[in-house]
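All remarks here apply to the structure that follows.
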Amino acid sequence: FWSFHHYTEGVPSEYFSYAFELDEPNSGGMIQDVALRLQNQLADEFPAIREAKYIEWWAHCRPHSSGHQLHFDSADEGRNDVRNPIVSVVLYLRGEVGGPTLVTDQKMGDRKLARKGWLCFPRENRLCVFDGSLLHMVVPGRQDQECLDILKKQYNLETTKRVTLMVSFWRDLKIRNQNGRGSAVKFPVDKSDIDWVKQLQTKSTDASIHKPEKASVFDVENVWSSLQDDNIATMPSYDECFQGF
């Protein structure tokens, strides 16, 4: 999957994601099975997820020290108009490598910066679920010697990465029929000659015996720190601050 998409770990790769209609049979392979299970499990906490018609998904494989800037999940990366998903999900696929996901209470259009935040730390098979309109990021993994010594007892940090699968649930989403990388590209379910597509067409095993357990998150009291005495007169624009690279 990574080599097919020319994914790079140092300089961040160009963003790409895949999408499919949630209720269309056999349109999303194994990810469709995952999305349907998530929709069912999360409906009590996030009732609006029942209204989802489309799924967008993407993945990252980053070193322990790598982070990801503050951003909003947006259709087509916010081009032309900023629209957010109903719910966003992060599934941690590998161990405790890498930093936590920070989710704030800030939304597009707010006139003030975030006042609260919550940290969710990676653990294999842990889900981080939040309102898809919230500003969030990945905090880089700690680099102090004590933390690295603990991790090195369990992992080879040269080869073990922070591997995550992100799934967003949409009421409406434009799916793009195109070749190559891009946002919300139609999942190529018919291209079983591509190895990673073939692997994702395998049906997932029944996981009904695995009862989810709620994990603790850690409160962040000061999401932003002021570097000057005067207050911000106006909020920075979307491209200048919240989706810039």
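The sequence shown lines up with residues 822 to 1066 when you count with the working numbering. Glycine included, C-beta positions come from ideal geometry on N, C-alpha and C. Model, not experiment: these values are computed from the prediction.
Quick test of your reading: residue i and residue j, contact by CB under 8 angstroms. State the CB separation rounded to the nearest angstrom.
| i | j | result |
| --- | --- | --- |
| Leu1021 | Gly850 | 4 angstroms |
| Arg1002 | Gly919 | Not a contact, Cβ separation roughly 23 angstroms. |
| Phe951 | Val924 | 5 angstroms |
| Trp879 | Ser834 | Wrong, their Cβ atoms sit about 10 angstroms apart, outside the cutoff. |
| Gly953 | Val908 | 5 angstroms |
| Ala873 | Gln860 | 6 angstroms |
| Glu945 | Leu914 | 7 angstroms |
| Val1010 | Asn847 | 6 angstroms |
| Asp897 | Ser1004 | 5 angstroms |
For residue i, which of helix, strand or coil comes out of DSSP?
| i | result |
| --- | --- |
| Phe1066 | Low local confidence applies: a pLDDT of 45 at Phe1066 is under 50, so the model's placement there is unreliable, with the coordinate-based value given in what follows. Reduced to three states, the DSSP call for Phe1066 is coil. |
| Phe822 | coil |
| Tyr1059 | helix |
| Gln1020 | helix |
| Asp902 | coil |
| Asp894 | coil |
| His957 | strand |
| Val918 | coil |
| His1031 | coil |
| Ser1013 | coil |
Taking all protein chains shown into account, decide if residue i is buried (16 or more other Cβ within 10 angstroms of its Cβ) or exposed.
| i | result |
| --- | --- |
| His1031 | exposed |
| Phe825 | exposed |
| Phe893 | buried |
| Ala1036 | exposed |
| Glu1061 | exposed |
| Ile1015 | exposed |
| His827 | exposed |
| Gln890 | exposed |
Report the partner residues of residue i according to the DSSP bridge assignment.
| i | result |
| --- | --- |
| Gly938 | Thr925 and Val1041 |
| His827 | In DSSP, His827 forms no bridge with anything. |
| Ser909 | Phe951 and Ser989 |
> Going along the chain, which unbroken runs of the alpha helix (DSSP H) with 4 or more residues stay wholly within the stretch 833-885?
Replying inline: 850-863
> Taking only runs of the beta strand (DSSP E) that begin and end inside the stretch 963-1010, which ones reach a length of at least 3 residues, in chain order?
Replying inline: 983-991
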